[in-house]
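The numbers in the sequence shown follow my numbering, run straight up by one, and end at 482. Heads up, the beta-carbon is just placed ideally off N, CA and C, and yes, glycines get one too.
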Amino acid sequence: ATIAGWLALHGWEAAAVVLGLAYLLLAMRESTWCWHAAFLSTLIYLFLFWHAELPMESGLQLYYLGMAVYGWWHWRGGAAGAEEPLPVRTWPWRAHVLAIAAVLAASLGTGVLLTHIGLGRLPYLDAFTTWGAVLTTWMVTQKLLENWLYWLVVDSASLYLYLDRGLHLTALLFVVYLVIVVFGYFQWRRHYREQHAASHAPSTG
């Protein structure tokens, strides 16, 4: 029964890994199908992380489910029903300073709380990856170019967290994520520059 349970657990983890990889590759190509893959992967991880005693990571999956629906809706034009796809945008540096400060403050406060009630392992790191992912996932839904740079930091921290909890397939996924994130950044940056050049091109009419 123990072996069967182990195989079942890792089978679900493998499915979540494949769907998670599909999400990032489709997001890099700015395909709305990325949100379908994200939803299914998230649903599986919600239970896997709770089983692995990562309460913040498990709770984060509920947020991801909502963001998968919102991201799909927003990328398709949102309430305005725009025919043009959502453009890639950037943030001014002040917005980044505020965002990073908010994530660090929330991580510290949550880490203190988790430590006080004795819930979970590596509470501060668990809190940081959770709050960092909350912010960065929202940035993806808004098609903010810098989301890829934020993911580099969050995914690197998550990699250590998953290795510590024995989620080796997920850890391997995050190694691949780190590579894809680099390509994703350059692809979105190229698209952003093309958009910028097109919007500033002289009118021929």
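Residue i - partner residues in DSSP beta bridges
| i | result |
| --- | --- |
| L421 | R366 |
From the options, residue whose alpha carbon lies closest to that of residue i
| i | options | result |
| --- | --- | --- |
| V374 | H313, Y427, L455 | Y427 |
| S435 | G461, W352, M333, S318 | M333 |
| L320 | L339, R306, T367 | L339 |
| A382 | P364, I394, F405 | F405 |
| H328 | H287, W349, Y300 | H287 |
| Y322 | T367, Q419, T392, L446 | L446 |
| S476 | V365, Q464, P369 | V365 |
| A291 | F460, E330, F451 | F451 |
| T249 | A379, W349, Q419 | Outside the shown range of the chain (278 to 482) lies residue 249, about which nothing can therefore be said. |
| L363 | E307, I394, R467, H313 | E307 |
| V431 | V380, Q472, A474, L390 | V380 |
Residue interval of the alpha helix (DSSP H) (run including residue i)
| i | result |
| --- | --- |
| T309 | Note, T309: premise wrong, no alpha helix (DSSP H); not H, not E. |
| G395 | That residue, G395, is in no alpha helix (DSSP H); it is neither H nor E in DSSP. |
| L446 | 445-476 |
| L331 | Unbroken run through L331: none, as it is neither H nor E. |
Whether residue i touches residue j by CB criterion (9 Å)
| i | j | result |
| --- | --- | --- |
| V411 | L337 | yes |
| M305 | T414 | no |
| V294 | L449 | yes |
| T309 | R353 | yes |
| Y469 | L298 | no |
| S318 | Y300 | yes |
Rounded Cβ spacing between residue i and residue j (contact assumed at less than 8 Å)
| i | j | result |
| --- | --- | --- |
| I457 | L296 | Not really, about 14 Å apart at Cβ, beyond 8 Å. |
| W289 | L325 | 6 Å |
| L399 | L444 | Contact doesn't hold; Cβ gap of about 13 Å is too wide. |
| W425 | Y462 | 4 Å |
| G388 | Y401 | 4 Å |
| L422 | W465 | 5 Å |
| L331 | R467 | Not quite, the Cβ-Cβ distance comes to about 36 Å (not below 8 Å), so this is no contact. |
| W312 | W349 | 4 Å |
Minimum Cβ-Cβ distance from residue i to chain D less than 9 Å
| i | result |
| --- | --- |
| A434 | Annotation note: the requested chain D is absent from the structure, which comprises a single protein chain. |
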